[in-house]
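Here my numbering runs 753 ahead of the position in the sequence shown, where the first position is 1. By construction, the Cβ of each residue, glycine as well, lies at the ideal position given by its N, Cα and C atoms. Only a predicted model underlies this, so the values are computations on that prediction, with no experimental measurement involved. First up is the structure itself, then whatever we jot down about it.
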Amino acid sequence: MKAARFEGKICLITGGTSGIGYEMAKRMAEEGGRVIVCSVDKNIQEAVQALSQDGKYKVEGLHCDVTDKLQRLQIVGYINETYGRLDVLCLNAGVPGFKGSQFYMDEEHYDQTFAVNVKSVLFFAKDALDLLKKATDGGNILVTSSLSGVMPSKVLGVYAMGKAALMNMVKWLAIELMDFNIRVNAIAPGFTRTEMTADEFKIGIDKILHPRFTTTPDMIASVACMICSKQDGSFVNGETLVLHGGESYPKFKINKQKL
């Protein structure tokens, strides 16, 4: 039987129609939460139908480009009018940005990557602050960072730079919002099987890395839900949990039997 850590909670998840965001939404809904997923995905209603299991769980889907202030405010306004508060805000939407030598990247790619991965996180938190202050027993903000924020790759340099910025952002926000009884944390997944990493898995990254170093979105979501729940995560604040199975430790890096 599933726990009910999110019973009656209002939970908003950006990028909630696929990958880690989808699994966060699934778990929170299964544990009693009323979940709103927002995404630029054209198939958002199909995701909602799957998440709700045809009405068994309380899940809604709303279109939102997180870089668009008006669209963010429309989401916040809807939640305010409908529920009057927000208990959990998972800022999960992200893009990989330009792949390859970053010196071949133009400014447009840079601006877009930071607009989605960094700027939108800060300003969505700002836009939703008044609703989070009204949370039933303390608000929660969870940001999706990445292992690349501490182990940068030369082919995803700007992406890694943005993810590192998020780790610092959650520390500052945790201090800033502590007096409002709002916790702010981040998760930093390593190689996870999502649409964003599909190319890496096609070329066999899982054959090079030790099996412990690749994971699935549901495993990441289980930790995310622990952090966001009052029962299990109330003492976690201003932290980034790096979820990589030990990948950052060079001694265990390569699965030599697969080479």
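Delimiting residues of the beta strand (DSSP E) encompassing residue i
i, result
"T897", "892–897"
"L996", "993–996"
"S792", "787–792"
"E813", "812–816"
"V989", "Taken as a continuous stretch (DSSP letters only), V989 belongs to no beta strand (DSSP E), as it is neither H nor E."
Sub-8 Å separation of residue i and residue j beta-carbons
i, j, result
"S873", "T835", "no"
"I773", "I973", "yes"
"L909", "S901", "yes"
"L895", "N934", "no"
"I940", "A913", "no"
"C1017", "V788", "No statement about residue 1017 is possible, as the shown extent of the chain runs from 754 to 1012 and does not include it."
"D932", "E776", "no"
Spatial distance of residue i from residue j (CA atoms)
i, j, result
"A757", "L844", "22 Å"
"G991", "E861", "31 Å"
"M904", "V841", "28 Å"
"K924", "A917", "12 Å"
"D880", "R825", "7 Å"
"Y857", "V869", "20 Å"
"G706", "T770", "Any question about residue 706 goes unanswered here, given that the chain covers just 754 to 1012."
The alpha helix (DSSP H) enclosing residue i, as first and last residue numbers
i, result
"S805", "797–805"
"C764", "Unbroken run through C764 is the beta strand (DSSP E), 763–767; no alpha helix (DSSP H)."
"T835", "822–835"
"C978", "970–981"
"R780", "772–783"
Given residue i as reference, the closest of the options once Cα atoms are compared
i, options, result
"K887", "E813, K795, V829", "V829"
"R780", "S982, L994, V989, T993", "S982"
"G915", "Y831, C791, Q865", "Q865"
"G891", "S906, Q806, L839", "L839"
"V989", "V995, R936, T969, M922", "R936"
Residue-chain proximity (residue i, chain B), Cβ-Cβ < 8 Å
i, result
"E776", "Annotation note: the requested chain B is absent from the structure, which comprises a single protein chain."
Every unbroken beta strand (DSSP E) inside the stretch 842–924 [3 residues or more]
892–897
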